[in-house]
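**Q** Shown below is the structure under consideration.
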Amino acid sequence: MDFEKHQNLHTIVMLRDVIRKWWQVELSFADRNGVVHDWQRGDFIPPPNDFCRHSLGSREGMRRCAQSVRVLHEKFKAAKKLRRSLSHDCHLRLSIVGAPLYIRNEYEGFLFVEGFARQPLTPGDGQVLMDKMRDIAPGAQADLEGAWERVPVLDGSELSKLSDLLEFAVTEIENQEVELTRKEETIQSMASELSNRYRFEKIIGRSGAMNEVFRLMEKVANSDSTVLINGESGTGKELVARAIHHNGPRKDKPFVVQNCSAFNDNLLESALFGHTRGAFTGALKDKKGLFEVADTGTFFLDEVGDMSPALQVKLLRVLQEGTFLPVGGTQSREVDVRVIAATHKDLGEMVKRGEFREDLYYRINVIRLQLPPLRERKDDLPVLIDHFLRKHHREGQRARGLAPEALGILGAYAWPGNIRELENEIERLLVLGGELEVIPAELLSSRIRDTVVPGGGHFIAPRAHGKLHEAVESLEKEMIHQGLVRTRNNKSRLSRELGISRSNLILKITRYGLDRLLPEGLADGVDEEAEA
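Using the working numbering, read the sequence shown as starting at 24 and increasing by one per residue.
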């Protein structure tokens, strides 16, 4: 056991002071092999007892003192069930007392005090001590004249008190070790839980677009390369960043998040890079920046496209050199941080307009992840709805699912707020209709119903049997078919109405064979609407 960490334990500090004040002796530790490491290093407080001090100060005396401690160690090892103090006489015929330390029933060493007499010494006893010291420290005789009178004396009552204190101290150390182990196990359990929570397969998505994202995430997780995540608000950019972190080599290190649009320039600079005392009004003391907090870990910079040109320069320096200067500081600081940036903006277009530094763009765009909006991954809608129904279900709620018409409306909605908007809607539905077994379409938010069914009319419900994803596909097919008829096969116009890309619409038309179902004259194609 490493006893160093127990030296500053409050109980041990107090115990040292008490026994030094009451009995003029010093507390020491011996490990599971009976070795006193402080003695070997010469890093100990000299005992008030002159005989012990000179003995520990000589090579031969140190050897004999260590042998005396080892005798006590052998006694503890021979009596493994013993949990009380023991004592014996050392090589100087003075006494040594110790209490064994057990951690989880494993013998780890003992605490001990040495260099005291059981009864007052006589001049004859003093002469015996002087004779023994001739072999140990020949030049110490002049300093030892009358030293026998200063040897601490502990009678039976005092020795019993000291033994109780030693036994109390080892119990405190044992309790602390158990608590430390419990905390470490809790930390490991939490780390394991986080790693499990952010496993790639825990991110909901089975569509082709999401499978492509997962493949790229697996490749970048074990690297230290900077990652740029593009995606609309609510698509799960932070969730993806956390998954990359928790599946990489830095998973046990900090994961720090900062939204670059949350603060103005001055506050954001201080938050990222810290400041020194007096750097500005209100800076009463030095403050670490988030880059320092994230050192050795991962820093997720959300909405990096909102960062000012001045801060872009400082960010570029951190990425290129691993150094930065706190606000008001004069000394650069070094950090080892992996940066994952995210934005909903097109940084390439911002570079062309001079709104984003080109060198920073290429530095953060080493690996790019494009997260598809929910309207382009409708195949995932059924599993997402089921996931959020289970996530937000509360005790006492009866709801098992949504009515077919409600599912149809949700499937037809464009979801401008993406996953976040869907989760909020499902949580709201459970609050309003949790007492019902099936939540009806009437409880859907008015903005969703009015968008999908203008004027409050009835929605053409999908079939109410079969698998959920089959019902959603049936609805999708019907909506696209009716839309093609309504727009006279104008795919550009229909893609805008449905909130999906034209290429995605064409893929779905081909997948469902809808060209063959159009009325004669439309199947041959209609000129696309002008894009003026």
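Ideal Cβ placement from N, Cα and C applies to all residues, glycine included.
Here's a check: name, in chain order, each residue in its chain whose Cβ is nearer than 8 Å to the Cβ of P396, leaving out the five neighbours to either side.
**A** Excluding the 5 residues flanking it on each side, P396 has same chain C-beta neighbours closer than 8 Å at G254, E255, T258, W438 and N441, in chain order.
**Q** Taking DSSP as the reference, what is the three-state secondary structure of R516?
**A** helix
**Q** How about L404 and L433: do their beta carbons lie closer than 8 Å?
**A** yes
**Q** Does Y125 pass the burial test, meaning 16 or more other C-beta atoms within 10 Å, or should it be called exposed?
**A** buried
**Q** Comparing alpha-carbon positions, which option in H114, E131 and G84 lies nearest K100?
**A** Shortest Cα-Cα distance from K100 to any of H114, E131 and G84 involves E131.
**Q** If P349 and G301 are in contact, beta carbons under 8 Å, what's the gap, nearest whole angstrom?
**A** Between G301 and P349 the Cβ distance is about 12 Å, and since that is not below 8 Å, they are no contact.
**Q** If you draw a straight line from the alpha carbon of G228 to that of E460, how long is it in whole angstroms?
**A** 26 Å
**Q** With distances taken from CA atoms, which of V136, E315, A317 and L290 is nearest T20?
**A** Because the chain is modelled from 24 through 555, residue 20 falls outside the range shown and cannot be assessed.
**Q** Near L313, what residues of its chain come up, given a Cβ to Cβ distance below 7 Å and the 5 sequence neighbours on each side ignored?
**A** V279, Q281, A294, L295 and F322
**Q** Within the continuous beta strand (DSSP E) that includes Y125, where are the two ends?
**A** S118 to I126
**Q** Taking only runs of the beta strand (DSSP E) that begin and end inside the region 256-296, which ones reach a length of at least 3 residues, in chain order?
**A** 278-282
**Q** Go through the region 433-482 residue by residue and report every complete run of the alpha helix (DSSP H) that reaches 4 residues or more, in order.
**A** 441-456 and 469-475
**Q** Using DSSP with H/G/I as helix, E/B as strand and the rest coil, what is V358?
**A** Correct three-state label for V358: coil.
**Q** One question on the structure: do P161 and F139 come within less than 8 Å of each other, judged by their Cβ atoms?
**A** In this structure, P161 keeps its C-beta atom at 8 Å or more from the C-beta atom of F139.
**Q** Where does Y221 land, buried or exposed, given buried means 16+ other C-beta within 10 angstroms?
**A** Residue placement at Y221 cannot be trusted, given a pLDDT of 44 that sits under 50; what the coordinates show is reported in the next sentence. Counting Cβ neighbours within 10 Å, Y221 comes out buried, since at least 16 surround it.
**Q** Pull up the distance between the alpha-carbon of L185 and that of H114, whole angstroms please.
**A** 21 Å
**Q** For the region 340-425, which segments carrying the alpha helix (DSSP H) assignment without a break, of at least 4 residues, lie completely within its bounds, in sequence order?
**A** 370-375, 381-387 and 404-414
**Q** Assess contact between the region 499-513 and the region 458-473, defined as three or more Cβ pairs (one per stretch) separated by less than 8 Å. Is contact present?
**A** Too few Cβ pairs lie closer than 8 Å, so no.
**Q** Is DSSP giving H298 helix, strand or coil here?
**A** strand
**Q** Give the secondary structure of I523 by DSSP, where H, G and I count as helix, E and B as strand, and everything else as coil.
**A** coil
**Q** Is T77 helix, strand or coil by DSSP?
**A** Per the sequence presented here, residue 77 reads as His, with Thr not at that position. Correct three-state label for H77: helix.
**Q** Helix or strand or just coil, what does DSSP make of G431?
**A** Correct three-state label for G431: helix.
**Q** Can the beta-carbon of F135 be found closer than 8 Å to that of L182?
**A** no
**Q** Quick one: Cα of L239 to Cα of T194, how far?
**A** 53 Å
**Q** When DSSP labels each residue in this structure, what does Q47 get in the three-state scheme?
**A** coil
**Q** On the three-state DSSP scale, how would you describe D187?
**A** Note: D187 maps to helix in three-state DSSP.
**Q** Can you name the residues that DSSP bridges to L152?
**A** Per DSSP, none; premise fails for L152.
**Q** In this structure, does DSSP put I42 in helix, strand or coil?
**A** helix
**Q** Rounding to the nearest angstrom, what Cα-Cα distance links V92 and D54 in this structure?
**A** 11 Å
**Q** Can you tell me whether F411 is buried or exposed? The criterion is at least 16 other CB atoms within 10 Å of its CB, across all chains shown.
**A** buried
**Q** Could you name the residues of the same chain whose beta carbon sits closer than 7 Å to that of L334, not counting the 5 residues immediately before and after it, in chain order?
**A** D288, L291 and E292
**Q** Would you call A494 buried or exposed, if buried means 16 or more other Cβ atoms sit within 10 Å of its Cβ?
**A** buried
**Q** Just to confirm the assignment, what range does the alpha helix (DSSP H) spanning F99 have?
**A** R82 to A101
**Q** Would DSSP call S331 helix, strand or coil?
**A** In this structure, S331 counts as coil in the three-state DSSP scheme.
**Q** Is the CB-CB distance between L530 and L507 below 8 Å?
**A** For L530 and L507, no; Cβs fall outside 8 Å.
**Q** For G480, count neighbouring Cβ atoms within 10 angstroms of its own Cβ and tell me buried if that reaches 16, exposed if not.
**A** Reliability of the predicted coordinates at G480 is poor, the pLDDT of 49 falling under 50, and no value is obtained from them.
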